[in-house]
Ligand SMILES: NC(=O)c1ccc[n+]([C@@H]2O[C@H](COP(=O)([O-])OP(=O)(O)OC[C@H]3O[C@@H](n4cnc5c(N)ncnc54)[C@H](OP(=O)(O)O)[C@@H]3O)[C@@H](O)[C@H]2O)c1
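In our numbering, the protein residues as written are 9 to 360.
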């Protein structure tokens, strides 16, 4: 492991300098890695590992779009693509990449497929941490490990193809074989992690649920909508309101933040913008801090988990979800966004 200073705090990280791909191949040469689930993480992880020369099979329920996608991606029914239980029986490392609600539903069957010395692998601390609600309690004769990429499985794949990577956290919950750590790091490198940092199952799920409900998605959507509505209420056009709320952020400012940090973005804006941002950032921070407190409490208490499992296990889950996403898509703000995107030069040229 390399010791790196993060803002004055020393932390350990692993890159392919400390753990080269060749070593990962060596560690995993006798393993069959069964990727259960071909949703978002499944395809990214399975294809990256396969391209890295590992022995990968996919488990997916049959007669589904995901099964057809796996077959279209070159996983061959009966050879490298199987129904869930069959794949879980064949795997020595069983990657549980069903949706978190899907893990709860299938656990009684999957549990029966695990043999002594197998590794059960997760990409989220959810099922294990909230075991009282999920019922996912692994037997004591297996390793229980996690690599959690910090981004979409789609990005994991795109970055891999482009020759870059995506950061992941890793954790070991149970080390039966004494090989849990090398298995974890080997898989972490083989799926295309840029660097790996240690965590626990609990820390991973608490930070992940907070992040996606907060700045990454929920809070972001909420503050964008509030500002757009404010501008519209005061007579600004949809185009103006959308440009000042979303387009300028996604097309310019956030790219500067990604490149060199918030201070650099501020330093590359007008003096007027800087002054305003410096004055208003603390006000927004203080305004949302109590909401973040409530959020973290609900994550720790398991209230957010209860909500997820109830909503995502409902038989009409997909219909309800599509309805809610449709409300966003059909809102004036995001219809204005579609018009703004269509006017980007590259999109106009592509249409010609
Ligand atoms: N999305 C991400 O990029 C991301 C990022 C980091 C970590 N993770 C974690 O990675 C894991 C997988 O997440 P994901 O987003 O890839 O999941 P997802 O897209 O929601 O996964 C759906 C998969 O689960 C299967 N499934 C769902 N319910 C099922 C059930 N009752 N029985 C059998 N199969 C069922 C689906 O099969 P059908 O297609 O047949 O419905 C599909 O293969 C989760 O633990 C998640 O928290 C995800």
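Beta carbons: idealized from backbone N, C-alpha and C, even for Gly. In this text the structure is predicted, and so the values were computed from the model without any measurement.
Just measuring C-alpha positions, the residue of 59, 26, 49 and 60 sitting nearest residue 68 is 49. At least 9 Å separates the beta-carbon of residue 227 from that of residue 316. Residue 56 sits away from residue 222, with the two beta carbons spaced by 9 Å or more.
Within the same chain, Cβ atoms closer than 8 Å to the Cβ of residue 98 are found at 40, 42, 65 and 90, the five residues on either side in sequence being excluded. Under the three-state reduction of DSSP, residue 182 is assigned to strand. The closest heavy atom of ligand 1 lies 8 Å or more from the beta carbon of residue 275. Not one heavy atom of ligand 1 sits closer than 8 Å to the Cβ of residue 127.
With contacts defined as CB atoms closer than 9 Å, residue 128 and residue 145 fail to qualify as a contacting pair. A straight line joining the alpha-carbon of residue 220 with that of residue 161 spans about 15 Å. The closest heavy atom of ligand 1 lies 8 Å or more from the beta carbon of residue 242.
For residue 171, the closest alpha carbon among the candidates 59, 108, 263 and 136 is that of 59. Distance from the C-beta of residue 345 to the nearest heavy atom of ligand 1 is not below 8 Å.
Secondary structure at residue 243: coil, using DSSP grouped into helix, strand and coil.
When rounded, the separation of the alpha-carbon atoms in residue 207 and residue 179 is 5 Å.
Not one heavy atom of ligand 1 falls within 8 Å of the beta-carbon of residue 303. Beta bridge pairing from DSSP links residue 176 with 157 and 204. Closest in C-alpha terms to residue 157, from the list 10, 20 and 213, comes 213.
For residue 201, the shortest C-beta to heavy atom distance toward ligand 1 is 8 Å or greater. Residue 272 and residue 339 have their C-alpha atoms roughly 34 Å apart. Counting along the chain, no alpha helix (DSSP H) covers residue 18; the unbroken beta strand (DSSP E) around it starts and ends at 17-21. CA-to-CA, the gap between residue 104 and residue 235 works out to about 40 Å. Remark: C-beta atoms of residue 36 and residue 195 approach each other more closely than 9 Å. Three or more beta-carbon pairs separated by less than 8 Å are not found between the segment 132-152 and the segment 68-84, which leaves the two stretches without contact. DSSP, read as helix, strand or coil, puts residue 152 in strand. The residue from 101, 135, 307 and 45 with its alpha-carbon nearest to that of residue 92 is 45.
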